[in-house]
Amino acid sequence: MSTAKVRVNDREYELPLVVGSEKETGVDVRKLRAASGVITYDPGYGNTGSCSSGITFIDGEKGILRYRGYPIEQLAVSARFLEVAYLLIEGRLPTQDDFAGFTGRLNGHTMIHEDMKKFFEGYPPTAHPMAILSMMVSALSTYYRDTRAPADINLNIVRLIAKAITIAAFSYKKSIGQPFVYPLNHFTYTENFLHMMFAVPAEEYQVPAVVDEALNMLLILHADHEQNCSTATVRMVGSSEASLFASISAGINALSGPLHGGANQKVIEMLQRILDDGGDHQKYVAKAKDKEDAFRLMGFGHRVYKNYDPRARLLKQAADDVLDSLGVNDPLLDIARQLEEVALHDDYFVERKLYPNVDFYSGIIYRAMGIPTNMFTVMFALGRLPGWIAHWKEMVSDPHGRIHRPRQIYTGETERGLVPMAER
Ligand code: CMC
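Residue numbering for the sequence shown follows my numbering, starting at 1044 and increasing by one per position.
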């Protein structure tokens, strides 16, 4: 067996290597502390494998992304989102019968309990829909038995996927003061979501095929991305044996941050700011490079990709196609293209291998589809849901699973005596 040797204070320790199916190699440091007294130090976990997983493979240097072995480029154009959800969660592509069974089960759970609608009355119209989504998902555990019994898990997975689109659409309807539109189960998953978002009781709503196709692709591109911040959060929370709904709700909150899923909203706000400021994208590239300036180019850079994010490549093309088909002329798309052009040839970005990520072009497509900016991160969450579920399930079924509990290097005060308050 191959091993790695670590020398600590003149003593050498031999550590086993762990090798994955794509020859990714890790040094297994689990016994290092017990043997040597030292821990590994890796703030931000940039070089730490927190688990082994059979779900998604990424090669960030080559720009490769595969779900269960299938290249993202093939899935994005040839699969339905629920097919991909099934693939991630069950580990294999569904047959036609599997798919009919899966969609049939989902259709039985698309409504939320009528009492849960009352929660929406309590939220102010300005509430961010990501906060509503995480609260509502957490609240599901007050309505449904949320244990780790396999029957409960399987049913709750179906409930979660089915109800997520209803909760998301209701939060939008609430924010614009329109009545909720109930799911119609002859629709596909994506059609049903668009119907609940955009139908109004007074008018007939036809789901535009181009919008439906675009949504399908966007959800697939977001469906999983191995141990990112939100997925690692889902696993972290779930490792304490917290329930599915509690763990996913935590993942939604982790996703909301602007360095993670919240970036898609921030990209559009940034592009709008550049447009309102006269459209001088060069000025903003300079700001992004200025270390005295906190401004960053949102939608650029990635912890793992040191090459063009394959999802961004697909979305760049999709942005052109969708806007063309819908006859939308968005000045923000022109600014985005110019910004990318400058950044890709600028030494600062080239040296740091900073490329557009999945969030750079997705917002422009969502805008063209009529989805409001504050719903963009919710769209990301709807897509990521099967990924989170697949990781949670994988973690729960790992016989060697343990509670996640990192160590630290303490840098605070060493022991000192307490001085009574009156004498301080
Ligand atoms: N604009 C300007 N400089 C940047 C950017 C950016 N968007 N991203 C990274 N850098 C610089 C950073 O300042 C640092 O420079 P230096 O070496 O001189 O200190 C270097 O590049 C490495 O950056 P880092 O912050 O150490 O990299 P990280 O892996 O910790 O962060 C990131 C990754 C995605 C948080 C970061 O690139 C970023 O903040 N990007 C903008 C936010 C964004 O688009 N987030 C969505 C990520 S993709 C979707 C998802 O998975 O959530």
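Here a beta-carbon is modelled for each residue, glycine too, at the ideal position from N, C-alpha and C.
It should be emphasised that the depicted structure is a prediction, and the values quoted were computed from it without experimental measurement.
Item, Value
"Strand pairing of residue 1102, partner residues [DSSP]", "1107"
"Nearest-angstrom Cα separation, counted from residue 1406 out to residue 1419", "7 Å"
"Euclidean distance between Cα positions of residue 1341 and residue 1348", "15 Å"
"Beta-ladder partner(s) of residue 1022, from DSSP", "Nothing can be reported for residue 1022, as the shown portion of the chain is limited to 1044 through 1467."
"N- and C-terminal bounds of the alpha helix (DSSP H) containing residue 1294", "1287–1298"
"beta-carbon residue 1341 near the ligand CMC non-hydrogen atom, thresh 7 Å", "yes"
"Residue 1233, buried or exposed, once every other Cβ within 10 Å from all chains shown has been counted against 16", "buried"
"Sequence-distant residues of the same chain with beta carbon closer than 7 Å to residue 1036, five excluded per side", "As shown, the chain starts at 1044 and ends at 1467. That puts residue 1036 outside it, with no answer to give."
"Residue 1271, buried or exposed, once every other Cβ within 10 Å from all chains shown has been counted against 16", "buried"
"For residue 1166 and residue 1152, the rounded distance between their alpha carbons", "24 Å"
"Any non-hydrogen atom of the ligand CMC within 7 Å of residue 1189 CB", "no"
"Residue 1426: first and last residue of the uninterrupted alpha helix (DSSP H) it sits in", "1419–1439"
"Nearest to residue 1245 (by Cα), restricted to the options 1229, 1223, 1265", "1223"
"Per-residue burial, residue 1333 [other beta carbons within 10 Å of its own, 16 or more giving buried]", "exposed"
"Spatial distance of residue 1322 from residue 1301 (CA atoms)", "23 Å"
"Unbroken beta strand (DSSP E) run spanning residue 1406, endpoints", "No beta strand (DSSP E) holds residue 1406; the alpha helix (DSSP H) holding it covers 1401–1412."
"Euclidean distance between Cα positions of residue 1411 and residue 1369", "8 Å"
"Cutoff 6 Å; reference residue 1397; Cβ partners in own chain excluding five residues on either side", "1343, 1344"
"Residue burial classification, residue 1095 (beta-carbon count within 10 angstroms, cutoff 16)", "exposed"
"Enclosing alpha helix (DSSP H) for residue 1274 [first to last residue]", "1272–1281"
"Anticipated Cβ contact below 8 Å, residue 1131 with residue 1098, distance rounded", "6 Å"
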